[in-house]
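Chemist:
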Amino acid sequence: MYPEYMNESLEKVAKSRNKRFDLEKSGKPVFPPMNAEEREQVLNKFHPDYKIEARRKIHIGPNKGEKLTTEVADMLESHSRIKPELFDLIQPDYETDILIIGGGGAGCAAAIIAMENGAKSIISTKLRLGDSNSMMSQGGMQAAVTAQDSPTTHYLDAIGGGHFDNKPELVRALTEDGPDIVKWLEYLGVVWDKNQDGSLQVLHGGGTSRKRMHSCRDYTGAIIMRTLMDVVRNNPDKITPLEFMPAVELILDNKGRCAGGILYNLETEEYFTVKAKATIITTGGYGRLHIRGYDTTNHYGATGDGLVIAYRAGAKLLYMDSVQYHPTGSVFPEQIAGFLITEKIRGAGGQPLNKHGELFVFPREPRDVESSAFIRECLERNNGVETPSGRLGVWLDSPLIEMLQGEGYINKNFPAMHRQFIRYGIDITKEPMLVYPSLHYQNGGIEIDEKCETNIPGLYVAGEASGGVHGRNRLMGNSVLDYNVFGRRAGKYASQYVKSAKLGPLTLAHISDYENELKSAKIKTDRIAPVLLPSYTPEDVRKRQLTAHYQGTLR
Amino acid sequence: MATKKPAKKKPVKVTKAKSTKKAPKKEMVTVFIMGKAHKVPAEATIMGAIEYSGYQIIRGAGCREGFCGACATVYRLPDDYKIYTGLACTTLVEDGMWLSQLPAIPAQRPVYDINKIEANVATFQKLYPEVFRCVACNTCTKACPQDLEVMDYIQAAIRGDIEKVMDLSFDCLSCGMCAIRCPAEIVQYNVGLLARRLYGKYLAKESKQLKKRIKEVKEHKYDKEYQEFIKMKKEGLKKKYYERDIE
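Residue numbers (my numbering), protein chains in the order written: chain A, 582 to 1136; chain B, 671 to 917.
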């Protein structure tokens, strides 16, 4: 239930609803979309990335001298968890064709395609198989299927949304493979939202010029992820998932080729070596680093582990100065602050409104522009609604959806959202939600080409961990597509590579070299990465955690 | 939940997710985490309470937003004989709550090839014969933190009504609460998953337009335009982008 003091604002929202309904029905944009200059202006002034302290120079490694997101630079300038000299690399604990690091959507897709091409794989995953951001995507997946759409139109939308910084060959791969991904997933058993005649239901997303968002109610990611996991589990002799066993370093061979990784058993605190002819990083993003203090929509394990282990091995990063804040993170009630409210809400006609119940932005600008406009409305124009805990937000008018699409539409198409709020006495069919941007996506990552290859032979990357596909801003529905397109490609090209790959003696020399680089750059820090898990232990508890010496597994 | 507007309101100037103003003093409750008493904020979720008490969760947290089912929790309340189930990430604590997370659910799961089975009741008979032991006690439905009609979809599976199983189990998170409470030892969530895959693959009507589009891509229909776009300088591309029509 909303606190009483919000009633006045809520009444204004209800009062303007009929007028806004007519506006939506007129077929014209309900608010004028911004042109190039207006977009640039609002981004420069209000996007969190554009603050001076948001970025800093990195002093070591392949991107030395470049300005990166401050928290990322901090994470990269850190010590390894291991001492290389303690590891026996001559007799590895596991041997396989492909080591896949990360058990989300991209990892599972890669394993399935690698298997079809005759390669065996191990999936190392920090939490359970499928515990990933892939599981959480609600709104849908873009793919240019309808007659009035085309893959090239999708290309134009994606590259414009990314501020024309996207790598063209990656955007082509993304958009051209799209329709086939819809078919492939259905072949595996994904239940798409369809019309009576079998045609696919599609909606708009932010920055799309055609309706091309395919969905599975608002459990799109959960349905796709569980299907992919089920395929993995049906092939235990070809794919071996190792749960609660994150990779903490890569292993190279004497020629600088990637040769596997070091895994860490979170429960027994043992380390294991994996020798693999090729390695695919599919570790996803970094929302749990809470960049600039923001809440996040991301899952518990999203700590950017793949970035740091690849960076230490010499992989180049791309666009790691760019962070995506999802416009509609929840801000009330406090218990669900930062939680994702799907963009599909706006795709179905939901409108963002200020405290006066007025429209102030076109509802479906690209995410960075939309987010910046929300921040401007709250901070500069003082038109936000303040919550009891002091957060600011704007309304997202969901009841309008029921008027536009018919009664019952929300219950049928947004069961997750409805559930999320009704627990707290807010019925989103009758009342709007209160939203503010929430840390959502790692736009950049490890640089890849259209075969998912990196500058390290034998190292492939797919999904959110990679950089270049989305330029400096991803559009809605392109990440679900991304992890499928590039997960499959990584599986395909890595399995081709392993057919002829021969490894020399294994080494962890790059770990010692990196440590030396830290020393020569005079970086003094007690930071250790990968981060693995965020800590939410309160300060007063931490003050009492005074163990002076660690022995065995007793912390 | 607080329902009063905070008295003082200062204008916020910096771009920050949270305002810096002091939070009002929190009301606290006592919960018993695996039997040990802890004082936690009254408005906390179970997951928030566990972390507030100083535990670093390894198993028992996943998406933290109600999509992954990693945080299944059982609890009891004072002066109440009932056993309750919930997701730690979305269930609020109550005073006197005695709780324990279930870090993993043991569940049988046959290996199968989706290409070699059929969308009919025989598939359930073969892969999940225990489904037919259902005594319709409705315990699974009562245990479901998503409020799904679990028993109804198990009954639909017995009838071979795959569409119904798909529809009723669609929002399932595989948290395993149904399976752990079922007196017939059925693993409901795996039955639901099988039914959804059978429906998506065999029963959902095909999209003709999708087939057509895939054929067009294979026949290189878009190659020329792609090449044009890829060669185009940023300015030209920008112009095309801002001039494009919107459906």
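Beta carbons are placed, not taken as given, at the ideal position from N, Cα and C, and that holds for glycine. All figures in this text were calculated on a predicted structure; none of them were measured in a lab.
Between which two residues does the alpha helix (DSSP H) containing B/Phe702 stretch?
Modeler: From DSSP, B/Phe702 is part of no alpha helix (DSSP H) but of the beta strand (DSSP E) over 698-703.
Chemist: By Cβ distance, which residues of its chain are closer than 8 Å to B/Tyr935, with the 5 residues on each side in sequence left out?
Modeler: Any answer about residue 935 of chain B is impossible in this case: the structure gives chain B only from 671 up to 917.
Chemist: Leaving out five residues before and five after A/Pro610 in sequence, what residues of the same chain have Cβ atoms less than 7 Å from its Cβ?
Modeler: Phe943
Chemist: What is the C-beta distance between B/Arg803 and A/Gly770, in whole angstroms, given that I count them as a contact (C-beta under 8 Å)?
Modeler: B/Arg803 to A/Gly770, Cβ: 26 Å. No contact.
Chemist: Just reading off the alpha helix (DSSP H) that A/Pro760 is part of, what are its end residues?
Modeler: 749-769
Chemist: Measure the C-alpha to C-alpha separation of A/Met615 and A/Gly787 and round it to an integer number of angstroms.
Modeler: 13 Å
Chemist: Find the nearest neighbour of B/Ala777 within the set B/Lys910, B/Glu917, B/Tyr798, B/Leu880, judged by alpha-carbon distance.
Modeler: B/Tyr798
Chemist: If we ignore side chains and look at the alpha-carbon of each, how far apart do B/Ile716 and A/Ser911 end up?
Modeler: 19 Å
Chemist: The alpha helix (DSSP H) with A/Gly928 in it runs from where to where?
Modeler: 925-928 is the extent of the alpha helix (DSSP H) around A/Gly928.
Chemist: Distance, Cα to Cα, A/Pro947 vs A/Arg793?
Modeler: Their backbone Cα atoms lie some 15 Å apart in a straight line.
Chemist: I believe B/Ala813 touches B/Met767 by the beta-carbon criterion, under 8 Å. Please report the beta-carbon distance rounded to the nearest angstrom.
Modeler: Actually they do not touch by this definition, with Cβ atoms about 17 Å apart.
Chemist: Assign A/His1130 to one of two classes, buried (16 or more other C-beta atoms within 10 Å of its C-beta) or exposed (fewer than that).
Modeler: exposed
Chemist: Between B/Phe737 and the rest of its own chain, which residues show a CB-CB distance below 8 Å, the 5 nearest in sequence each way excluded?
Modeler: So the list reads Leu843, once near-sequence residues are dropped.
Chemist: Can you tell me whether DSSP reads B/Gly906 as helix, strand or coil?
Modeler: helix
Chemist: Quick one, are the C-beta atoms of B/Lys904 and A/Phe745 less than 8 Å apart?
Modeler: yes
Chemist: Between A/Glu988 and A/Gly882, what straight-line distance do the alpha-carbon atoms span, to the nearest angstrom?
Modeler: 38 Å
Chemist: What are the start and end residues of the beta strand (DSSP E) that includes A/Gln905?
Modeler: 904-911
Chemist: What does the alpha-carbon distance come out to for the pair A/Gly741 and A/Asp949?
Modeler: Roughly 12 Å separates the two Cα atoms.
Chemist: What residues in its chain sit with their C-beta under 6 Å from that of B/Met704, if we drop five residues either side in the sequence?
Modeler: Ser770
Chemist: With 16 as the cutoff for other CB atoms within 10 Å, does A/Arg636 come out buried or exposed?
Modeler: Classification for A/Arg636: buried.
Chemist: Determine the extent of the alpha helix (DSSP H) in which A/Gly974 is found, giving its start and end residues.
Modeler: Where A/Gly974 is concerned, there is no enclosing alpha helix (DSSP H), although the beta strand (DSSP E) it sits in stretches over 973-978.
Chemist: Name the chain B residues that come within less than 8 Å of A/Asp761, Cβ to Cβ?
Modeler: Ile884, Val887
Chemist: CB A/Val1112 to CB A/Asp818, shorter than 8 Å?
Modeler: no
Chemist: Based on DSSP bridge pairs, tell me the residues matched to B/Thr760.
Modeler: DSSP, once it has assigned bridges, lists no residue as partnering B/Thr760.
Chemist: In angstroms, rounded to a whole number, what distance separates the CA positions of A/Ser1101 and A/Ser659?
Modeler: 13 Å
Chemist: In whole angstroms, what is the alpha-carbon distance linking A/Leu649 and B/Arg779?
Modeler: 46 Å
Chemist: Any contact between the region 824-839 of chain A and the region 992-1004 of chain A? By contact I mean 3 or more CB pairs, one from each, below 8 Å.
Modeler: no
Chemist: Apply the 10 Å Cβ neighbour rule to A/Ser953 and answer buried if 16 or more other Cβ atoms are within range, or exposed otherwise.
Modeler: buried
Chemist: Give a yes or no on whether the minimum CB-CB distance between A/Asn1053 and chain B is below 8 Å.
Modeler: Note on residue identity: the sequence assigns Arg, not Asn, to residue 1053 of chain A. So, not an interface residue.
Chemist: Reducing DSSP to helix, strand and coil, say where A/Asp886 ends up.
Modeler: helix
Chemist: Taking Cβ positions only, does B/Glu619 come closer than 8 Å to chain A?
Modeler: There is simply no residue 619 of chain B to check, as chain B begins at 671 and stops at 917 in what is shown.
Chemist: Using a Cβ-Cβ cut-off of 6 Å (strictly less than) and excluding sequence neighbours within five positions of A/Asn964, which residues of its own chain qualify?
Modeler: Asn935, Lys936, Glu958
Chemist: Rounding to the nearest angstrom, what Cα-Cα distance links A/Asn588 and B/Thr743 in this structure?
Modeler: 36 Å
Chemist: State the Cα-Cα distance for the pair A/Tyr906 and A/Ala997, rounded to the nearest angstrom.
Modeler: 21 Å
Chemist: A/Pro615 versus chain B: which residues are under 7 Å apart at the beta carbon?
Modeler: The residue you asked about is not Pro; residue 615 of chain A is Met in the sequence shown. Correct list: empty, because the minimum Cβ distance to chain B is about 10 Å.
Chemist: Measuring alpha carbon to alpha carbon, tell me which residue in A/Asn1024, A/Val1122, A/Phe920, A/Ala1090 is nearest A/Lys664.
Modeler: A/Ala1090
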